[in-house]
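>
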Amino acid sequence: MQNHWLGVAALGVLICGCQSNQHASVPTDPQIAKQVNLAVERVGAQAAGDDVRFAQLIGPAIEGEWSSGARDATGHDQALLNALFESDATLASNTRNLAERTGAGERIVGGVPDTADAYRACVAVGSATGWCCTGTLVAPSVVVTAAHCVTGGCAARVFVGRDVRGPGRTIAVRSAIVHPEYRPGQNDIAVLLLAEPVNDITPIRVAAASSVESARDVRLVGYGNTDLGGTTGYGVRRLVDVPVASCCCEPQAAREYGCQPRFELVAGPPVTGRDSCTGDSGGPALVQVGIEWRLAGATSRGIPQAPANCGYGGIYSRVDQHLAWIRTVSGSNIPN
């Protein structure tokens, strides 16, 4: 498959984030940070100042540090990843920056469950009979998700909680509104109006354009599947940080990734192959603003070059570019 619109779920985020306490953070495992730092030092010596070479080497080097532990190699097409880094200097530079920040304990690669319940404003989205997408609470009764989730029949209810099989609340969707100019690959965003407000969780703020366009990485949060094929693991809220390839789909990015200029951002491929996956569609891509994480994008789909359903990078609808429409259809003065 080349353009991974996987049923109602398309490509989503296998590890992203929103939060009840917008200043909350999920701590990096000290052992993982140490292993990443060892890989960064070794690859840094090999690549010197060559960001492309560094980006090509760092993923396998980190996987090598993990190979003796509990984590398995991802089995990605390294030749394809190398070609992406070669053709995209911004992606290569941001990949290096992310790896170095992870080694310093400031970022997360590899994907982790949200065991601290730090991203409670990230919710699961479902049909009447199953769970199939992800969304972000931006006001007590307003959830932002992907348009293709709604048109695919995944917009009847939301689940608030870390695991759809565990404790939490299910809230009915009163109305699901698809962007009027939506079509596959454009304006893939929708608003869910809830039947009752979620008053005990602080909604995530929408990031301003300047914050989105200056970000070098984004944090993804979602309930999606956890294998490359996108077939297993849905239901647990997870998060990961991935490098930005294009903040606003400039002409070169539009040609390479098939994104919508100005209205989409492109992130990934991830440092270690863990990023978006089936079931995370509509989920948040967050950028850090000071000590706060704010909503930059809603997960839309995978990049067209990807030979697998997950793990090669994704395309996200920019929420700031659709904020006026979201405010109008929801009747809420959503801050940014």
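In the numbering used here, the protein residues as written are 8 to 343. In this text, a Cβ means the ideal position worked out from N, Cα and C, and glycines have one as well.
Can you find the residues in the same chain that come closer than 6 Å, C-beta to C-beta, to residue 264, ignoring five residues on each side of it along the sequence?
Here residue 264 refers to the residue found at position 257 when the sequence shown is read from its first residue. Taken in chain order, the residues that qualify are 273 and 310.
> Residue 118 by DSSP, collapsed to three states: which one?
The residue labelled residue 118 in the question sits at position 111 within the sequence shown. Correct three-state label for residue 118: coil.
> According to DSSP, is residue 113 helix, strand or coil?
Here residue 113 is taken as the residue at index 106 of the sequence shown, counted from 1. If DSSP states are grouped into helix, strand and coil, residue 113 belongs with coil.
> By how many angstroms is the C-alpha of residue 69 removed from the C-alpha of residue 86?
For the purposes of this step, residue 86 is taken as residue 79 along the sequence shown, with counting starting at 1. For the purposes of this step, residue 69 is taken as residue 62 along the sequence shown, with counting starting at 1. Residue 86 and residue 69: Cα-Cα distance of roughly 17 Å.
> Can you give the Cα-Cα distance for residue 145 and residue 127, rounded to whole angstroms?
Numbered from its first residue, the sequence shown carries residue 145 at position 138. Numbered from its first residue, the sequence shown carries residue 127 at position 120. The alpha-carbon atoms of residue 145 and residue 127 are separated by roughly 12 Å.
> Please go through the same chain and pick out, in chain order, the residues whose beta-carbon is closer than 8 Å to the beta-carbon of residue 105, but skip the five residues on each side of it.
Here residue 105 corresponds to residue number 98 of the sequence shown, with the count starting at 1. Cβ within range, chain order: 114, 116, 223, 224, 248, 249, 250 and 278.
> Going by C-alpha to C-alpha distance, which of 100, 66, 43 and 91 sits closest to residue 56?
Numbered from 1 along the sequence shown, position 49 holds the residue referred to as residue 56. Nearest option by C-alpha distance: 100.
> Can you say whether residue 327 is buried or exposed, counting buried as having 16 or more other CB atoms within 10 angstroms of its CB?
Counting from one through the sequence shown, the residue named residue 327 turns up at place 320. Buried: at least 16 other Cβ atoms inside 10 Å.
> Mind listing, in chain order, the continuous beta strand (DSSP E) runs of no fewer than 3 residues lying wholly within the region 217 to 276?
Whole beta strand (DSSP E) segments, 3+ residues: 224 to 229, 245 to 253 and 271 to 274.
> With distances taken from CA atoms, which of 124, 138 and 182 is nearest residue 149?
Looking up residue 149 in the sequence shown gives position 142. Cα-wise, what sits closest to residue 149 is 182.
> With a threshold of 8 Å (Cβ to nearest heavy atom), would residue 242 be considered close to the ligand MN?
No copy of the ligand MN occurs in the structure displayed, which carries no ligand at all.
> Count the other C-beta atoms from every protein chain shown that fall within 10 angstroms of the C-beta of residue 268, then say buried if there are 16 or more, exposed otherwise.
The sequence position of residue 268 within the sequence shown is 261, counting from 1. By the neighbour-count rule (16 or more Cβ atoms within 10 Å), residue 268 is not buried but exposed.
> Report the start-end ranges of each beta strand (DSSP E) in the region 150 to 196 that is 3 residues or longer and not cut off at the edges.
Correct list: 164 to 167 and 176 to 185.
> Under 9 Å between C-beta atoms, does residue 201 make it to chain D?
Among the protein chains of the structure shown there is no chain D, as only one such chain exists.
> Pick helix, strand or coil for residue 309, following the three-state DSSP scheme.
Numbered from its first residue, the sequence shown carries residue 309 at position 302. In this structure, residue 309 counts as strand in the three-state DSSP scheme.
> Considering Cα atoms alone, identify which of 227, 307 and 213 is closest to residue 341.
As a first step, residue 341 must be located in the sequence shown, where it is residue number 334. For the residues 227, 307 and 213, the minimum Cα distance to residue 341 belongs to 213.
> Inspect the beta-carbon positions of residue 133 and residue 163 and report whether they are closer than 9 Å.
Numbered from its first residue, the sequence shown carries residue 133 at position 126. Numbered from its first residue, the sequence shown carries residue 163 at position 156. Yes, they are a contact pair.
> Helix, strand or coil, according to DSSP, for residue 325 in the structure here?
For the purposes of this step, residue 325 is taken as residue 318 along the sequence shown, with counting starting at 1. Strand.
> On a Cα-Cα basis, can you pick out the residue from 187, 47, 293 and 317 that is closest to residue 343?
Numbered from 1 along the sequence shown, position 336 holds the residue referred to as residue 343. Among 187, 47, 293 and 317, the Cα nearest to that of residue 343 belongs to 293.
> For a test of the three-state rule: what should DSSP assign to residue 147, helix, strand or coil?
If you number the sequence shown from 1, residue 147 lands on position 140. Looking at residue 147 - three-state DSSP - the assignment turns out to be coil, as it is neither helix nor strand.
> How long is the line joining the alpha carbons of residue 160 and residue 112, rounded to whole angstroms?
To locate residue 160, count along the sequence shown from 1; it is residue 153. To locate residue 112, count along the sequence shown from 1; it is residue 105. The alpha-carbon atoms of residue 160 and residue 112 are separated by roughly 40 Å.
> Would you kindly check if the distance between the Cβ of residue 228 and the Cβ of residue 124 is under 9 Å?
The count along the sequence shown starts at 1 and reaches residue 124 at position 117. The count along the sequence shown starts at 1 and reaches residue 228 at position 221. No, the pair does not count as a contact, with Cβ atoms beyond the cut-off.
> Residue 200 bridges to which residues according to DSSP?
Start at 1 with the first residue of the sequence shown, and residue 200 comes out as number 193. DSSP lists 149 and 182 as partners of residue 200.
> Can you list, in chain order, the residues of its chain whose CB lies under 7 Å from that of residue 241, leaving out five sequence neighbours each side?
Against the sequence shown, residue 241 aligns to sequence position 234. 138, 230, 231, 232 and 286, listed in sequence order.
> Expressed to the nearest angstrom, what Euclidean distance is found between the alpha-carbon atoms of residue 42 and residue 65?
What you label residue 42 is simply residue 35 of the sequence shown in a count that begins at 1. What you label residue 65 is simply residue 58 of the sequence shown in a count that begins at 1. About 12 Å.
> Would you call the CB atoms of residue 218 and residue 325 closer than 9 Å?
Along the sequence shown, read from residue 1 onward, the residue named residue 218 stands at position 211. Along the sequence shown, read from residue 1 onward, the residue named residue 325 stands at position 318. Not closer than 9 Å, so no.
> Rounded to the nearest angstrom, what separates residue 45 and residue 59 at their Cα positions?
Mapped onto the sequence shown, residue 45 falls at position 38. Mapped onto the sequence shown, residue 59 falls at position 52. Answer to the nearest angstrom: the Cα atoms are 19 Å apart.
> In this structure, does DSSP put residue 314 in helix, strand or coil?
For the purposes of this step, residue 314 is identified with residue 307 of the sequence shown, where counting begins at 1. Here residue 314 sits in coil by DSSP.
> Using DSSP bridges, identify the partner residues of residue 140.
Along the sequence shown, one-based indexing puts residue 140 at 133. Note: residue 140 sits in a beta bridge opposite 132.
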